[in-house]
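Read through the structure below, which is laid out as structure tokens, and then see the notes.
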Amino acid sequence: MARFFKRAPSKEGAGNDTPSTPAEQAEARQATARRLERIKPDPDQIGISGAVPFVRLPAPETLFRDRAARFRALAPEHPLGGYLLFLAAIAEAQAAVQAESPGSEAGAPVSEADLALRAEHGMPALSRSVLSDESGFPACLDALLDKVDLSGAPEAARQTLAALKAAPAEDRLDLALQVFEGAFPVERMAECVFVAGALQVHLAGLAARLTPKALKPVADGVCPACGGAPTASLIVSWTPADKARYLSCSLCGTLWNHVRIRCTACGSGEDISYYGLDELSKDVQVEACGTCHSYLKHLHQHRDPALDPIADDVASYGLDLKIVEDGFRKAGLNLLFVT
Ligand SMILES: [Zn+2]
Ligand SMILES: [Zn+2]
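So that you can map any letter, position 127 of the sequence shown is 130 in our numbering, and since no number is skipped, the others follow by simple counting.
This is how it looks when you write it as structure tokens:
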């Protein structure tokens, strides 16, 4: 039977529906600016100076707990409130699984020699071998499926969970490997959310034990720790140089530094615009690239520390709908909300 996949944007490249002539490009820009609020570059969008750390590794002990709280805070009176609460239940299960097997006493997941070799060849630190039968990942996935409380969720979600629990272990592992590599079987999208939830816990635990200095840039829009695609970019305030930009990994939660006002999909900085929506916080925007017509969520976490790349990406779905209408294609990936 033919199988259809959605692919992670970073592994597929950006859209190819770019207007072909300068006049068409100008018209497309004006049309977008009429539909959305175009945000003029301001001092916050000008580049920064000074050295910043290349990566910030995830802190799994707070990552999932804080995300669950953010989902719950965003849900009331939100058009996607039911889904936000479903994802809060997933994040709470992630936090519970993480708390039971924090892994902090375990050693480095990759030897120094392997790490240096992989960096030398432009490869991320973690490979698919970290999901092997012996890796602890299958137990992590089983624990997540046991702990997730779907009592308030739709019947369809409970049926999906039951189907995944009843599936052979090797089938669940096969699905996880596909998601890890950025391929989502269309007929199993609902199951992918649970599998992705376990991948995030397992990979955040491994990434947290890497040596930050050993991680090297892999490619634009590719996580140096696990090879995942970014969900969003964050403007942060915790670096020595204020307002640096970091991309947030959809899989392991590692943050890595990326030059500001430069497209994460094609690397161009020539035609970058920022858009927001009146009904959304000014701290949640998209960075849109007129060169390849891709966009990425852009969160001003330095102004609102509660912003979470995954939760706020889902909650700002109205912004995706508008920018997609104008021919832009999402360059970010949210494993809990693959649309
Ligand atoms: Zn990663
Ligand atoms: Zn681009």
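C-beta atoms are modelled at their ideal positions from N, C-alpha and C, and glycine is treated no differently.
Check whether residue i and residue j have beta carbons under 8 Å apart
{"i": "A211", "j": "L339", "result": "no"}
{"i": "D315", "j": "L324", "result": "no"}
{"i": "P227", "j": "L218", "result": "yes"}
{"i": "A98", "j": "F67", "result": "yes"}
{"i": "C195", "j": "V182", "result": "yes"}
{"i": "G335", "j": "L299", "result": "yes"}
{"i": "L254", "j": "G231", "result": "yes"}
{"i": "E184", "j": "R131", "result": "yes"}
{"i": "P312", "j": "T257", "result": "no"}
{"i": "E103", "j": "G279", "result": "no"}
{"i": "A156", "j": "F89", "result": "yes"}
{"i": "L153", "j": "L167", "result": "no"}
{"i": "V341", "j": "M192", "result": "yes"}
{"i": "W241", "j": "L250", "result": "no"}
{"i": "H305", "j": "V239", "result": "yes"}
{"i": "L209", "j": "V133", "result": "yes"}
{"i": "A169", "j": "P141", "result": "no"}
{"i": "A34", "j": "D329", "result": "yes"}
{"i": "S143", "j": "A201", "result": "Just to set this straight, residue 143 is Cys in the shown sequence, not Ser. Yes, they are a contact pair."}
{"i": "T267", "j": "D307", "result": "no"}
{"i": "V151", "j": "A92", "result": "yes"}
{"i": "I326", "j": "V289", "result": "yes"}
{"i": "A186", "j": "V55", "result": "no"}
Beta strand (DSSP E) segment containing residue i, residue limits
{"i": "A62", "result": "No beta strand (DSSP E) contains A62, which DSSP labels as neither H nor E."}
{"i": "T292", "result": "At residue 292 the sequence reads Cys, which differs from the Thr that was named. 287 to 292 is the extent of the beta strand (DSSP E) around C292."}
Where residue i sits in the DSSP three-state scheme
{"i": "G279", "result": "strand"}
{"i": "R41", "result": "strand"}
{"i": "L344", "result": "Outside the modelled stretch of the chain, which goes from 4 to 342, sits residue 344, for which no answer is possible."}
{"i": "I51", "result": "Bear in mind that the predicted position of I51 carries a pLDDT of just 44, short of 50, making it unreliable; the figure below should be weighed with that in mind. Three-state DSSP puts I51 in coil, outside helix and strand."}
{"i": "N337", "result": "coil"}
{"i": "R332", "result": "strand"}
{"i": "L148", "result": "helix"}
{"i": "R265", "result": "coil"}
{"i": "P56", "result": "coil"}
{"i": "P312", "result": "helix"}
{"i": "R121", "result": "helix"}
{"i": "Q304", "result": "coil"}
{"i": "T342", "result": "coil"}
{"i": "A29", "result": "helix"}
{"i": "D136", "result": "helix"}
{"i": "A128", "result": "coil"}
{"i": "A5", "result": "Note on A5: pLDDT 34, under 50, position unreliable in the model; no value is reported."}
{"i": "P46", "result": "Bear in mind that the predicted position of P46 carries a pLDDT of just 42, short of 50, making it too unreliable to give a figure here."}
Range covered by the alpha helix (DSSP H) that runs through residue i
{"i": "G321", "result": "320 to 328"}
{"i": "A166", "result": "158 to 169"}
{"i": "E173", "result": "172 to 183"}
Within-8 Å CB hit, residue i to chain C
{"i": "F197", "result": "Protein chain content of the structure displayed is limited to a single chain, and chain C is not contained in it."}
Entirely enclosed alpha helix (DSSP H) segments - the segment 186 to 263, minimum 4 residues:
Counting whole runs of 4 or more residues, the segment 186 to 263 contains the alpha helix (DSSP H) stretches 192 to 210.
Exercise. Does the pairing of the segment 134 to 153 with the segment 84 to 96 give three or more beta-carbon distances under 8 Å?
Worked result: Taking 8 Å as the limit for Cβ pairs, the verdict is that the segment 84 to 96 does touch the segment 134 to 153.
*Count the C-beta pairs between the segment 168 to 186 and the segment 109 to 121 that are closer than 8 Å, then say yes if the count reaches three, no if not.*
At 8 Å Cβ cutoff, the stretches do not touch.
May I have a chain-ordered list of the alpha helix (DSSP H) segments no shorter than 4 residues that lie completely inside the segment 68 to 119? Entirely contained in the segment 68 to 119, the alpha helix (DSSP H) runs reaching 4 residues are, in chain order, 84 to 103.
Discussion item. Quick check: the segment 62 to 79 against the segment 123 to 131, are at least 3 beta-carbon pairs closer than 8 Å?
Written reply: Result no; under three Cβ-Cβ pairs closer than 8 Å.
**Message:** Using a Cβ distance threshold of 8 Å, determine whether the segment 261 to 275 contacts the segment 284 to 294, with at least three qualifying pairs required.
**Reply:** Contact holds: three or more Cβ-Cβ distances are below 8 Å.
Exercise for the section: Could you say if the segment 304 to 323 and the segment 81 to 90 meet the contact criterion of at least three C-beta pairs nearer than 8 Å? Expected result: Yes: at least three Cβ pairs fall under 8 Å.
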